[in-house]
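Data first, discussion second: the structure below is written as structure tokens.
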Amino acid sequence: GNSVTQMEGPVTLSEEAFLTINCTYTATGYPSLFWYVQYPGEGLQLLLKATKADDKGSNKGFEATYRKETTSFHLEKGSVQVSDSAVYFCALTSFGNEKLTFGTGTRLTIIP
Amino acid sequence: GAVVSQHPSRVICKSGTSVKIECRSLDFQATTMFWYRQFPKQSLMLMATSNEGSKATYEQGVEKDKFLINHASLTLSTLTVTSAHPEDSSFYICSAPAGVGNTIYFGEGSWLTVV
Numbered sequence: 001g002n003s004v005t006q007m008e009g010p011v012t013l014s015e016e017a018f019l020t021i022n023c024t025y026t027a028t029g030y031p032s033l034f035w036y037v038q039y040p041g042e043g044l045q046l047l048l049k050a051t052k053a054d055d056k057g058s059n060k061g062f063e064a065t066y067r068k069e070t071t072s073f074h075l076e077k078g079s080v081q082v083s084d085s086a087v088y089f090c091a092l093t094s095f096g097n098e099k100l101t102f103g104t105g106t107r108l109t110i111i112p
Numbered sequence: 001g002a003v004v005s006q007h008p009s010r011v012i013c014k015s016g017t018s019v020k021i022e023c024r025s026l027d028f029q030a031t032t033m034f035w036y037r038q039f040p041k042q043s044l045m046l047m048a049t050s051n052e053g054s055k056a057t058y059e060q061g062v063e064k065d066k067f068l069i070n071h072a073s074l075t076l077s078t079l080t081v082t083s084a085h086p087e088d089s090s091f092y093i094c095s096a097p098a099g100v101g102n103t104i105y106f107g108e109g110s111w112l113t114v115v
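Chains R and A are the protein sequences, given in the same order. Residues in the first sequence are numbered from 1 upward in steps of one, following my numbering. Residues in the second sequence are numbered from 1 upward in steps of one, following my numbering.
This is the structure in structure tokens:
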């Protein structure tokens, strides 16, 4: 079955630091890959996605590249801000299936 | 993008009572909606798939008699937690696919506390 393994947190960084949150997956077929963000007290918001190998999803300065050879979808941002403090979830869906399989989430805290 | 709205955002109920959570698609029709549950510091786990006009499909280990799902229209799915117990306290969130490529949109989520 499908599974997502995500870097364990919590992660604490200083403002303007470089961020990487690792995500690897196991899936049948050709999954679509997602990063969702959950700000304190709120629901999930789609941050970015990639639907095929070598695609790069990007949004709000965050990027992630769909690497089929390493089955990875690591999230990166060059310079984080305090407002990026949230929980980040890596997720996937298999082709034709809209059910999401989530990683365990990584809590990110950015300190001024 | 599409908008999915949940209500209530927070609810406290007494043990043994039932509580209903609504999930609405505000600007699109959703024949399918998904209900997830998130325990503290854990990931979201799919509970069931809500199908408009037919029975919901439950994931393994989810009690269908306890978590009643009704998808009576193309814009509304409801989750009713029956005979709630403190261990049902959790964050419940719904989602629905919409638009080109069936992007998944989530509601704001509902925090349930059973006392």
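Note that beta-carbon positions come from the ideal geometry of N, C-alpha and C, so glycine has one too. Note that this is a predicted model, so its numbers are computed, not measured.
Taking a C-beta distance under 9 angstroms as the contact criterion, I21 of chain R and T106 of chain R qualify as a contact pair. Taking 8 angstroms as the upper bound for CB-CB distance, I21 of chain A and Y105 of chain A are not in contact here, some 17 angstroms apart. Counted as a single uninterrupted DSSP element, the beta strand (DSSP E) harbouring E22 of chain A occupies residues V19 to S25. Distance from the Cα of T75 of chain A is smallest, within the candidate group A:V62, A:E52 and A:S89, for A:E52. Per DSSP, F73 of chain R lies in no beta strand (DSSP E) and is assigned neither H nor E. Residue-level contact check: L75 of chain R does not touch chain A, since none of the beta carbons of chain A fall below 9 angstroms from its beta carbon. In the DSSP assignment, V62 of chain A falls outside any beta strand (DSSP E) and carries neither an H nor an E.
When DSSP states are grouped into helix, strand and coil, P31 of chain R belongs to the coil group. In the three-state reduction of the DSSP assignment, E63 of chain R falls in the strand class, which pools E and B. From the listed residues A:I69, A:F39 and A:P40, the smallest Cα separation to T49 of chain A is found for A:I69. For H7 of chain A, DSSP records a beta bridge to A:E22. Between the region 16 to 32 of chain R and the region 68 to 85 of chain R there are three or more inter-stretch CB-CB distances shorter than 8 angstroms, so the stretches are counted as touching. Taking CB atoms only, L44 of chain R has a neighbour in chain A less than 9 angstroms away.
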